[in-house]
Every structure is written in structure tokens, then in C-alpha cells.
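Everything in the sequence shown is counted per the numbering used here, starting at 1 for the first residue and increasing by one. Beta carbons: idealized from backbone N, C-alpha and C, even for Gly. Notes follow the structure.
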Amino acid sequence: MKLTEWTIEEQEQLIEFMTTNSWPFHGQEHPVRALIEKTIEEGGYKSDQVRTFWIENDEGEQVGLVKIFDLQDDIPLFDLRIAEPYRGKGYGPKALKMIADFVFSLPEKKIRLEGNTRHDNFAMRKAFERTGFVKEAHIRQAWFAPKENRYYDAVTYGMTREDWEAGITTPVHWDDILIGKKQPQFNPVLLQFPDEFESERLLIRAPRREDAVQCYEAVLHSLESLRPWLPFAENKPELEGTEAVLIEAAANFQLRKDLRLHFFSKETGEFIGSSGLHRINWEVRKFEIGYWVDHKFEGKGYVTEAVERITRFAFEELEANRVEIRCDPENVRSRAVAERLDFELEGILRNDSISKNKLRDTCVYAKIRQ
């Protein structure tokens, strides 16, 4: 990959790039030609303060564009955009590394490089972290989305010259005002984090008492597929019992003892399945993901989608150091979910549990914070 500087002769190329892709995490999701032309005319892509580069892959394809601005300052900023066909292919982190190398190689000896993104732009946040940028700020309701007419939180990432030169990442001491003072005892009940979030097709949220009927019916007609692996499916459920379980689950979520999560179709609102983060060790920041799905939704990729999103939630919102998936070695579907999501099989615990008066082994899959 390489950076190739944009020239004014490529004006039409830039306009096409900006107007034929959508940019959901930028101020204008669908910028129009007139706006791009005006920005070019005013020096918004090339001036003493701004330089713009095409991001080209090894095949010479223009996979993205980066605008580096405030170049007269000691702390430049940048705007990175990857074209839609090339997203999710690893170009973001590589582009960020090239941007950092360019800025810190300038003769002016820039002090630091800074980038901002919307709080829920997880792909960009992951790219920052993989490249050695450090999260330095979380600004509430600072990013306006015109299409939705609402504000999102924003996050700021930075890299210092010292870290770039040494090839290291220096974390921020968020509790700096407490340094030298006695640290208060950690209480997970006081932790604040979202109780619902979304993936491409799913709404994932904390359990509620009113979920009882849908949950009960899902278990009732899924008993045959659930029974070999889940103890609660050994007996036919009762609606009152399901309701009581959900009342307790909602309370445990608030107390941060157990984080059960239900997932629903965003399109239809139907209850699809249950997952969550269990057997929590807050000191270690270790969680275990469990999951089951309504039999009629099997084979549609919903469990993989939910588990992938819940795993990101654990690492990004709960600062997990370790996330596990445990399952019976014979539970082929459950093992496939773990393997599809690149959980590492760390071992098989022999004679680890009993089910239907039979000793069972347990596969232990895990992901850890990198």
C-alpha cells in the first residue's frame, strides 16, 4: 500500500469518490457535488494547511482517501475514508500507520497526531487501537447526525511522537486526580454502560419481564434442539416460571451480577434468542458468553451475529480482558460459532460436568484483550 498525493487535475475523480460512497459516520452521509466543488475551490483539499492523499493498495486500486489538515500546527488532524467495497478488509489500520509515518516524518517535527470518530464507529475505533493510537477523550453528545437529527458521543484518539519513535503505546491514566490517594473500592453496581445496542440485523438488550411470553414460546417449541445441551430445557417450561426467571435476570443485570441479553429482529421485532455475559469476574474482567436460539431461526447466522456483537461490547464497553465460550465437544453448532469468530480452543476439560447422569467434557474457547 502507498499514499499518492491528490492533485487538482483529479478533481472529478475526488468528486466521484466522495459522492458515490456513503459515509454514515461523517457529518454528511451523502455529500453532493456542489459541496465538494466548493470545498476544493476554498482549498479544503489542498493548501498550506491541507494535503490530501489517495490510499492505493498493492494492485494500484484507490481504496480510500485521507485528508491531513492543520499542517501549520504542531498537532495535525486527519479525515480518513475507505471506499465501501474495501471496508472490512484491513485497509484502515494500514492506512493509519502510513498517515502516522508521513506526519511524524515531516521536517517540522510534529508533536502528536490526532483523530476523532463517533462513539459507535467500532471499525474505526478498532483500527485506531490496532495501530497504536490511544483513546484520550470520550465527549458526550458531541457528534451531530443530521440524518437522524440526534447527537452521538464522540471519542478522540492520539499518538505522540515519542510513542511513534519508540514503537510503543502509552496508556492514559484516567484516574489521574486519584494518583497518590487511596483508591476507592471497586463496586460493579456503579458501572454505567448501555443496556441495549444493535448489530446489522439485531436489537440486543437486557431482559425484561414483558419478554416472558415470547421467551416461553421460543423455548417451548425448541425443546428438542435445546434439550441435549441446556439443563433448563430438560423439563417443559411454565409461563409463570419463565416470568420469575426474567424478573431475577433483570435485577441481576442492574446489580451487574449476570448480564443476560435478549436479541430481536430489528425488522420484525420478533424474539430470536438469548445470550449474555455470565460467570463474571470483575476483578479479572473475565466473562463467559452463553447462547441459544429459537429453533425456527436456526441456520440464519443470528447467533454468530449476536455473539460477535456481544464480544465487542464486552471488550469495548466493559474493558474485558478475557471472554470465554464453553460448550460440550459434541455440540457442533456451538463450537462452529466460536470457531467462526476466531475464538481460540484453549483445551478440553475432561469429565467436567454431568448431564442426564452422564459425565461430559467441556471445550474452552477464549479471546483475550490484545
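Residue(s) in a DSSP beta bridge with K135: Y157
contact_flag[the region 98–105, the region 138–155] where n(CB pairs < 8 Å) is 3 or more: no
As assigned by DSSP and simplified to three states, the class of W54: strand
Buried or exposed by the 16-neighbour rule on C-beta atoms within 10 Å, applied to Y216: buried
Identity of the residues DSSP links to E286 by a beta bridge: For the sequence presented, residue 286 should be read as Lys rather than Glu. Per DSSP, N281 and R322.
Limits of the alpha helix (DSSP H) - the one that A83 falls within: A83 -> no alpha helix (DSSP H), and no H or E assigned at all.
Cβ pair count under 8 Å reaching 3, the region 22–36 against the region 55–63: no
Euclidean distance between Cα positions of L113 and R125: 15 Å
Beta-carbon gap between P207 and W282 smaller than 8 Å: no
K266 and L202 closer than 8 Å at C-beta: yes
Closest residue to C327 among A314, L349 and W164 (Cα-Cα distance): L349
Beta strand (DSSP E) runs wholly inside the region 82–122, at least 3 long, in chain order: 112–118
Residue of N235, V337, H262 and K286 minimising C-alpha distance to L246: H262
Validate contact between the region 72–80 and the region 7–23 using beta carbons, cut 8 Å, 3 pairs: no
Beta-carbon gap between G276 and D294 smaller than 8 Å: no
Candidates T362, L226, F343 and K358, of which the one nearest D352 by Cα: T362
Close Cβ partners of R335 (< 7 Å) along its chain, the five nearest in sequence each way excluded: C327 and C363
CA-to-CA distance, A244 to R209, given in whole angstroms: 8 Å
Distance between H278 and V303 (C-alpha atoms, nearest Å): 16 Å
Residue(s) in a DSSP beta bridge with I205: The amino acid at residue 205 is misidentified as Ile; the sequence shows Arg. For R205, which the question treats as bridged, DSSP gives the partners E196 and H262.
Whole-Å CB distance - A154 paired with W143, under 8 Å assumed: 4 Å
DSSP bridge partner residues for L345 (one or two, in chain order): Y365
CB-CB length for E330 against E288, believed under 8 Å: At roughly 19 Å, the Cβ-Cβ gap does not stay under 8 Å, so E330 and E288 are not in contact.
Separation of A127 from G92, as counted between CA atoms: 6 Å
Counted within 10 angstroms of its Cβ, other Cβ atoms place V172 as buried (16 or more) or exposed: exposed
For S275, the three-state DSSP class (helix, strand or coil): strand
Residue burial classification, S47 (beta-carbon count within 10 angstroms, cutoff 16): exposed
Alpha-carbon to alpha-carbon, T170 and L345: 31 Å
Cβ separation of A366 and R322, assumed to be a contact under 8 Å, to the nearest whole Å: 6 Å
Complete runs of the beta strand (DSSP E) confined to the region 23–71 [at least 3 residues]: 51–56 and 62–69
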